[in-house]
Amino acid sequence: MIRDNLEEMRDSTESVESHEMQSSPNPSPHSIPQLPNPIIQRPVPSVSQTVPQLMDERDDISVDNLYLLENEYNYSYSDTEAEDVPSDEEQFDLKSNLASLIVEEGCSVEFTRKLLVILRKAGHEELPRTRETLIGTPREKIRTRVVSPGEYYHFGLENTLCKFNENSFLANIDIVLLNIGIDGVPLKGHQDAWPILASFCGHSSISPFLIGIYTGPHKPKCCDAYLKDFVDELNHLKSQGGVYVTTKKILKPLKINVFICDAPGRAFITNVKGHAGKLGCPKCEQVGTKVGTKLVYSNLCGQPRTNDSFRQRSDPGHHVSLNPMGLEKCLDINMVTQFVIDPMHACDLGVTKRILETITTNGLAWFKSLPEEKQMMSTYYQSLCAFM
Ligand SMILES: [Zn+2]
């Protein structure tokens, strides 16, 4: 056991050394991308009780994908720079290309181990024995912060932006304009993940990246604890006058464009009553009224909410707490206009359900109990898509 561990450690060291030797400082944009050095040496911890689960089961929000993301940016070279690059054949790096493939295809630990055994027997003894070593999964223990009832890990906004290649698009933009996405994701084993994701406004072809992530048996109890690191970092970046980007650490102004969440997520991170509450409208102060068992809003708009009225608690019943919590501690954020309305919860979900209840004579319970009827209704409903 100890010997195995030592061998793995040796593999890890070898992988860093061999990668350094084989990596080209100026790879061609037309060649197959290789994992850059920071991927192998990246100090972000990977051994945790919850985050590895994400890596294996939710590749779209895993550290693996962050590696790919870095890889993508690190290879955004211009055609001019590619002229001095050696030919594709000369710089082909089996290990790096294999690592990229394994991550992109989401290959399991066991499959990768078996593949590596075959390749090593075929003469590629320079390859490591494990997936962790191949893709450079850091071995340090993750230092998470306890956020009841789970834990939170903060990758950091500036930390991630500083990993972009000095020739990436970030070096040439006037302002870093980000959309922030926050929502809950169910995981196996009755665990929930709540990632904080960022995407570049106006650069939709570039994958979103993780700023931080919470995992636990339920959603975080308190938005203030969940968002603490993110809020602290935003306030820090404001005080330093922007965010440092690329490996050259160029200071750029930073602005959050909008927060994108579904209705329950928005209510949670702004710490207000849910969208189905009497005072739940995020845009105006209209009070809903009960008609039978239904909560109904008038089609007349109430007094519009503003950032000032939100922060001054002019409608105290709308808020969960009278004190500023979570994102409200960032004074730059407009607590009303910077949060998009989620049409699914605000309209589609309720309306769709009512339509189905009306169409089916015995209500939704009957509808659920007959799979063939459900399929028939589903087909019919999909046929209406063209008219929506
Ligand atoms: Zn309203």
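100 is the number that our numbering gives to position 100 of the sequence shown; each next residue is one higher, with no gaps.
Where a beta carbon is used, it is the ideal one built from N, C-alpha and C, also for glycine.
Spatially closest choice to residue i from the options, by CA coordinates
{"i": "Thr112", "options": "Lys121, Ile102 and Arg120", "result": "Ile102"}
{"i": "Ile206", "options": "Val296, Leu161 and Glu132", "result": "Leu161"}
{"i": "Thr137", "options": "Ile256, Gly265 and Ser100", "result": "Ser100"}
{"i": "Tyr244", "options": "Ile173, Glu104 and Glu285", "result": "Ile173"}
{"i": "Lys188", "options": "Gly277, Met377, Gly216 and Leu210", "result": "Gly216"}
{"i": "Pro264", "options": "Gly274, Lys255, Ile256 and Val258", "result": "Gly274"}
{"i": "Leu157", "options": "Ile142, Asn235 and Gly280", "result": "Asn235"}
{"i": "Cys281", "options": "Phe310, Asn257, Ile135 and Asn159", "result": "Phe310"}
{"i": "Ala171", "options": "Val291, Lys252 and Pro371", "result": "Lys252"}
{"i": "Thr144", "options": "Ile175, Lys163, Glu372 and Gly212", "result": "Gly212"}
{"i": "Gly184", "options": "Val287, Ser314 and His218", "result": "His218"}
{"i": "Val351", "options": "Asn159, Phe164 and Tyr381", "result": "Tyr381"}
{"i": "Ser314", "options": "Gln286, Asn97 and Val291", "result": "Gln286"}
{"i": "Asp308", "options": "Leu331, Ser321, Tyr297 and Pro186", "result": "Leu331"}
In DSSP terms, what residue i is bridged to
{"i": "Cys284", "result": "Pro304"}
{"i": "Leu187", "result": "Gln191"}
{"i": "Ser214", "result": "It should be noted that the sequence gives Tyr, not Ser, for residue 214. In the DSSP output, where bridge partners are listed per residue, Tyr214 has Tyr152 and Trp194."}
{"i": "Lys395", "result": "Outside the displayed span of the chain (1 to 388) sits residue 395, for which this structure offers no information."}
{"i": "Ile175", "result": "Partner(s): none; Ile175 has no beta bridge."}
{"i": "Ser199", "result": "Asn179"}
{"i": "Ile250", "result": "Val245"}
{"i": "Ile102", "result": "DSSP output for Ile102 lists no bridge partner at all."}
{"i": "Ile260", "result": "Gly181"}
DSSP-derived helix/strand/coil call for residue i
{"i": "Thr337", "result": "coil"}
{"i": "Leu234", "result": "helix"}
{"i": "Leu322", "result": "coil"}
{"i": "Glu151", "result": "strand"}
{"i": "Ile206", "result": "coil"}
{"i": "Asn311", "result": "Residue identity check: residue 311 is Arg in the sequence provided, not Asn. Arg311: helix per DSSP, three-state reduction."}
{"i": "Asn97", "result": "helix"}
{"i": "Lys255", "result": "strand"}
{"i": "Lys353", "result": "helix"}
{"i": "Ser168", "result": "coil"}
{"i": "Lys273", "result": "coil"}
{"i": "Arg145", "result": "strand"}
{"i": "Pro52", "result": "At Pro52 the pLDDT is 38, less than 50, meaning the model places this residue with poor confidence and gives no usable figure here."}
{"i": "Pro128", "result": "coil"}
{"i": "Arg415", "result": "The chain is shown only over 1 to 388; residue 415 falls outside these bounds and no answer can be derived."}
{"i": "Pro220", "result": "coil"}
{"i": "Leu279", "result": "coil"}
{"i": "Ala122", "result": "coil"}
{"i": "Leu115", "result": "helix"}
{"i": "Gln240", "result": "helix"}
{"i": "Cys347", "result": "helix"}
{"i": "Asp229", "result": "helix"}
{"i": "Ser108", "result": "coil"}
{"i": "Leu161", "result": "helix"}
{"i": "Glu372", "result": "helix"}
{"i": "Leu331", "result": "coil"}
Short Cβ contact (8 Å threshold) for residue i with residue j
{"i": "Thr247", "j": "Glu166", "result": "yes"}
{"i": "Ile182", "j": "Cys261", "result": "yes"}
{"i": "Thr293", "j": "Val336", "result": "no"}
{"i": "Leu177", "j": "Cys201", "result": "yes"}
{"i": "Phe155", "j": "Leu210", "result": "yes"}
{"i": "Leu279", "j": "Gly317", "result": "yes"}
{"i": "Ala276", "j": "Leu300", "result": "no"}
{"i": "Gln312", "j": "Cys284", "result": "no"}
{"i": "Leu116", "j": "Leu134", "result": "yes"}
{"i": "Ile180", "j": "Phe259", "result": "yes"}
{"i": "Val109", "j": "Arg131", "result": "yes"}
{"i": "Ile175", "j": "Lys255", "result": "yes"}
{"i": "Tyr214", "j": "Tyr152", "result": "yes"}
C-beta neighbour in chain C for residue i, strict 8 Å
{"i": "Lys95", "result": "Annotation note: the requested chain C is absent from the structure, which comprises a single protein chain."}
Quick check: the stretch 248 to 255 against the stretch 341 to 350, are at least 3 beta-carbon pairs closer than 8 Å? Inter-segment contact for the stretch 341 to 350 and the stretch 248 to 255 is absent: fewer than three beta-carbon pairs are separated by less than 8 Å.
Should the stretch 192 to 202 be called in touch with the stretch 115 to 128, which here means at least 3 C-beta pairs below 8 Å? Cβ pair count under 8 Å is below three, so no.
Is the stretch 266 to 286 touching the stretch 218 to 228 in the sense that three or more CB pairs, one from each, lie closer than 8 Å? Judged by Cβ distances under 8 Å, the stretch 218 to 228 makes contact with the stretch 266 to 286, as three or more pairs qualify.
Would you check if the stretch 227 to 241 and the stretch 320 to 327 touch, i.e. whether three or more CB-CB distances between them fall below 8 Å? The stretch 320 to 327 and the stretch 227 to 241 touch, with no fewer than 3 CB-CB distances between them shorter than 8 Å.
Using a Cβ distance threshold of 8 Å, determine whether the stretch 234 to 241 contacts the stretch 133 to 152, with at least three qualifying pairs required. With the rule of 3 Cβ pairs closer than 8 Å, the stretch 234 to 241 does not count as touching the stretch 133 to 152.
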